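Colleague: A single structure is presented below for examination.
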Amino acid sequence: MKKQHTLLLAIILVGLFLLFISQKSHPKANLELIAPVKKRSFAIDVKAIGELEATYSTTIASQLRGDNGKLIYLIPDGTNVKIGDLLVKIDPTPFEEKLESLQNKLRDQNAHIATLEKLLAWEISQAERDDKMAFFDVEAAELELNKIIHGDGPLEIAKLKTSMSKALAKYDELSGYSQDLLELQQQGFLNPSEIKNAQKRLDEEKETYEAAKLQYESYVAHVHPMHLKKAEAALRQAKIRQEEAIKVRGHSIGKAKIELEQAKQSLEGIKLQIRDAQRELALTEIYAPTQGMVVQREDFRNGQRRKPRIGDLAVRNQILLELPDLTSMTVKSKVREIDLCRVCTGKIASVEIDAFPNLIFSGTLNSIGVLALTDPTKPSDEKYFDIRILLKDIDSRIRPGMTSRLTIHAEKVENALTVPVHALFYDQKTAFCYVATGNSYEKRAVIPGAHNEEWSEIKEGLTNGEWVCLTMPADIL
Numbered sequence: 165m166k167k168q169h170t171l172l173l174a175i176i177l178v179g180l181f182l183l184f185i186s187q188k189s190h191p192k193a194n195l196e197l198i199a200p201v202k203k204r205s206f207a208i209d210v211k212a213i214g215e216l217e218a219t220y221s222t223t224i225a226s227q228l229r230g231d232n233g234k235l236i237y238l239i240p241d242g243t244n245v246k247i248g249d250l251l252v253k254i255d256p257t258p259f260e261e262k263l264e265s266l267q268n269k270l271r272d273q274n275a276h277i278a279t280l281e282k283l284l285a286w287e288i289s290q291a292e293r294d295d296k297m298a299f300f301d302v303e304a305a306e307l308e309l310n311k312i313i314h315g316d317g318p319l320e321i322a323k324l325k326t327s328m329s330k331a332l333a334k335y336d337e338l339s340g341y342s343q344d345l346l347e348l349q350q351q352g353f354l355n356p357s358e359i360k361n362a363q364k365r366l367d368e369e370k371e372t373y374e375a376a377k378l379q380y381e382s383y384v385a386h387v388h389p390m391h392l393k394k395a396e397a398a399l400r401q402a403k404i405r406q407e408e409a410i411k412v413r414g415h416s417i418g419k420a421k422i423e424l425e426q427a428k429q430s431l432e433g434i435k436l437q438i439r440d441a442q443r444e445l446a447l448t449e450i451y452a453p454t455q456g457m458v459v460q461r462e463d464f465r466n467g468q469r470r471k472p473r474i475g476d477l478a479v480r481n482q483i484l485l486e487l488p489d490l491t492s493m494t495v496k497s498k499v500r501e502i503d504l505c506r507v508c509t510g511k512i513a514s515v516e517i518d519a520f521p522n523l524i525f526s527g528t529l530n531s532i533g534v535l536a537l538t539d540p541t542k543p544s545d546e547k548y549f550d551i552r553i554l555l556k557d558i559d560s561r562i563r564p565g566m567t568s569r570l571t572i573h574a575e576k577v578e579n580a581l582t583v584p585v586h587a588l589f590y591d592q593k594t595a596f597c598y599v600a601t602g603n604s605y606e607k608r609a610v611i612p613g614a615h616n617e618e619w620s621e622i623k624e625g626l627t628n629g630e631w632v633c634l635t636m637p638a639d640i641l
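The structure is reproduced here in structure tokens:
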């Protein structure tokens, strides 16, 4: 390092000596600091300071809802992990208790469903029995009606009609016999007592006939129709009871089916809750999805910005740590708004790492931010654009967060007419130079081109071999 400083100092002294000799060759050299206009080649670079970061990084955060996610294990910062290594463990106790409670609820619900299934089977059996009873009642009523219409009714009518006919025949016979006795009495062949007995028997037969006739007419006109209507009414009642039994049966069975279906739906809901609870329990352990080095994320926790630690509450989606992929690194930096015109994606850049001064990496400008941003740490209103430099080669010693100094090789000017940038002066937006002419200076407008921190290309206004003043001449002041 000391030898490098000595060599640099020697180069500077030689340069000053040569400049002094060149000025001595010009008559104005002892009065003003001047420089020749000549063709040169120079590079235009944009320099910036940035920070290393992994191009690809996996964030690790808890997915648990609620305030039960208490950290009981956290992998140490800086640990290299492989896929499947345990990174974070959250206290599983509340989630295990929730799962156990839901499993007990599932068993109770299954027992309840079994009871409802038995109740439904009983309702169906009872309905079938009631249906059969109602059918038998209707069948019995129909038989009773048919019996009255075609059996007992006609038989009783025929029987009463026969009795009435017999009584009428006997009455007619006695009536004729009495008439014969009266004729014999008139002829003097009978005594009055025989006629009286015959008349008495005739009166009795008459009463018997009239009673049989009345019984027959009453049965035909009143009793038989009454029995018929009664049987018809009984049949209607039996049919109504059968219809009501069907309705009641359908209602009871339907109610039992609805209760069973609701219980089964509740069972599915409990199963869904169990799956969610099992998923939540599984989320209490977080494993590495990729390989990488653990970087714990600083964030506001309990009122202070710090890294997570055991006992903290794992808030859902709050990043706990990151797993950067160290096989691909990017430099995060920013360029000034005035330098934006010089850079574009694809430009080559050189990157130096402060922690390892001897390491120089080559990279490519990978992206440029869309919006201009201000730097809150600086009082000026100068704006910047975020950029990303993708490193081509990786060294195992570099880590995310290291300070990097980058140089973007914007362009290269080849064999162009140039002057030192200090030779350019501006009046409003017009550029000019003070050109040495004999013992005086000429203020001459020029059109500058590309430039870096030392040299500026001159497109018009100067010729090769002229001399320009690097400061404002004394005679003009």
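The sequence shown begins at 165 in the numbering used here and counts up by one. Backbone N, C-alpha and C fix where the C-beta goes; we use that ideal spot for every residue, glycine too. Being a predicted model, the structure only gives us computed values, none of them experimental.
I224 and I512 - do their beta-carbons sit closer together than 7 Å?
Modeller: No, these two residues do not count as a Cβ contact at 7 Å.
Colleague: With a 10 Å radius around its C-beta and 16 neighbouring C-beta atoms as the bar for buried, classify N268 as buried or exposed.
Modeller: Looking at its Cβ environment, which holds fewer than 16 other Cβ atoms inside 10 Å, N268 is exposed.
Colleague: Considering only residues of the same chain and omitting the five flanking positions on each side of K166, which have a CB-CB separation below 7 Å?
Modeller: Low confidence applies here, because K166 scores a pLDDT of 41, under 50, leaving its location unreliable; read the following figure in that light. For K166, where only same-chain residues beyond five positions count, there are no Cβ hits under 7 Å.
Colleague: Among L581, K542, L626, which has the Cα closest to the Cα of E600?
Modeller: It should be pointed out that residue 600 corresponds to Ala in this sequence rather than to Glu. Considering only alpha carbons, the answer is L626.
Colleague: Taking all protein chains shown into account, do 16 or more other C-beta atoms lie within 10 angstroms of the C-beta of N616, making it buried, or fewer, making it exposed?
Modeller: Buried, since its Cβ has 16 or more Cβ neighbours within 10 Å.
Colleague: To test your reading of the DSSP string, which unbroken alpha helix (DSSP H) runs of 4 or more residues are found completely within the region 249 to 300?
Modeller: Taking only runs of at least 4 residues, no alpha helix (DSSP H) segment lies wholly in the region 249 to 300.
Colleague: When the Cα atoms are used, what is the spatial distance from E516 to L523?
Modeller: Taking the straight line from one Cα to the other gives about 6 Å.
Colleague: If you draw a straight line from the alpha carbon of R465 to that of D476, how long is it in whole angstroms?
Modeller: Looking at the two C-alpha atoms, the distance is approximately 8 Å.
Colleague: Using the Cα positions of L332 and D301, report the straight-line distance between them to the nearest angstrom.
Modeller: Rounded to the nearest angstrom, the two C-alpha atoms are 43 Å apart.
Colleague: Would you kindly work out how many angstroms separate the C-alpha atoms of S189 and K203, rounded to a whole number?
Modeller: Bear in mind that the predicted position of S189 carries a pLDDT of just 44, short of 50, making it too unreliable to give a figure here.
Colleague: Can you tell which of L266, T372, N628 has its C-alpha closest to the C-alpha of L431?
Modeller: When only C-alpha atoms are compared, the closest one is L266.
Colleague: Excluding the five sequence neighbours on either side, which residues of its own chain have a C-beta within less than 7 Å of the C-beta of E374, listed in chain order?
Modeller: Closer than 7 Å at the Cβ level, and outside the excluded window around E374, lies no residue.
Colleague: Just the C-alpha distance for E396 and L309, rounded to the nearest angstrom, thanks.
Modeller: If I take the Cα positions, the gap works out to 6 Å.
Colleague: Pairing CB atoms from the region 472 to 490 with CB atoms from the region 275 to 294, are three or more of them under 8 Å?
Modeller: The region 472 to 490 vs the region 275 to 294: no contact.
Colleague: Which residue marks the beginning of the alpha helix (DSSP H) containing S430, and which one marks its end?
Modeller: 388 to 446 is the extent of the alpha helix (DSSP H) around S430.
Colleague: Just to confirm my understanding: we take P256, look at its own chain, exclude 5 residues before and 5 after, and list those with CB closer than 7 Å. What are they?
Modeller: Cβ neighbours of P256 beyond the five flanking positions: L445, T448.
Colleague: Which term fits T567, buried or exposed, when burial requires 16 or more other beta carbons within 10 angstroms of its beta carbon?
Modeller: That one is exposed.
Colleague: If you check the beta carbons only, do A305 and L399 fall under 7 Å apart?
Modeller: Yes, the pair counts as a contact, with Cβ atoms nearer than the cut-off.
Colleague: Let me make sure I understand the geometry here. Which of K547, S497, V583 has the alpha-carbon closest to that of N530?
Modeller: Residue S497 is the option with its Cα nearest to N530.
Colleague: So, are the CB atoms of L251 and I236 less than 7 Å apart?
Modeller: No; because the gap between Cβ atoms is not below 7 Å, this pair is not in contact.
Colleague: Leaving out five residues before and five after E287 in sequence, what residues of the same chain have Cβ atoms less than 7 Å from its Cβ?
Modeller: Here the set comprises S416, I417, A420.
Colleague: Give me the Cα-Cα distance between L263 and D539, rounded to the nearest whole angstrom.
Modeller: Near 51 Å, if we compare the C-alpha coordinates of D539 and L263.
Colleague: When DSSP labels each residue in this structure, what does P670 get in the three-state scheme?
Modeller: The requested residue 670 is not part of the displayed model; the chain covers only 165 to 641.
Colleague: To the nearest angstrom, report how far apart I254 and D272 are at their CA atoms.
Modeller: Their Cα atoms are separated by approximately 30 Å.
Colleague: Could you compute how far the alpha carbon of V534 sits from the alpha carbon of Q442?
Modeller: Cα to Cα, the separation comes out at about 44 Å.
Colleague: From I277 to L307, what does the alpha carbon distance come to, in whole angstroms?
Modeller: Looking at the two C-alpha atoms, the distance is approximately 45 Å.
Colleague: With a Cβ-Cβ cutoff of 7 Å, do Y605 and P584 count as a contact?
Modeller: Not a contact, by the Cβ cut-off of 7 Å.
Colleague: So, using beta-carbon positions, are Y383 and L319 closer together than 7 Å?
Modeller: No, Cβ-Cβ distance for Y383 and L319 is not below 7 Å.
Colleague: Per DSSP, which one or two residues make a beta bridge with K330?
Modeller: For K330, which the question treats as bridged, DSSP gives no partner whatsoever.
Colleague: Among C597, L581, T582, whose alpha-carbon lies nearest the alpha-carbon of L588?
Modeller: Nearest of C597, L581, T582 to L588, Cα basis: C597.
Colleague: Grouping DSSP H, G and I as helix and E and B as strand, with all else coil, what is S342?
Modeller: Correct three-state label for S342: helix.
Colleague: Based on Cα-Cα distance, which residue from K435, G233, Q460 lies nearest to N244?
Modeller: Out of K435, G233, Q460, Q460 has the C-alpha closest to the C-alpha of N244.
Colleague: If you draw a straight line from the C-alpha of I572 to the C-alpha of V507, how long is it?
Modeller: Spanning the two alpha carbons is a distance of roughly 8 Å.
Colleague: Indicate the three-state DSSP secondary structure (helix, strand or coil) for K188 in the structure shown.
Modeller: Since pLDDT at K188 reaches only 44, below the 50 mark, its modelled position is unreliable, and the value read off the structure follows with that caveat. DSSP places K188 in helix when its eight states are reduced to three.
Colleague: Distance check for Q401 and A376, CA to CA, integer angstroms please.
Modeller: Approximately 35 Å between the Cα atoms of the pair.
Colleague: Please give me, in chain order, every unbroken run of the beta strand (DSSP E) with length at least 3 that falls completely inside the region 532 to 576.
Modeller: The qualifying runs are 547 to 555.
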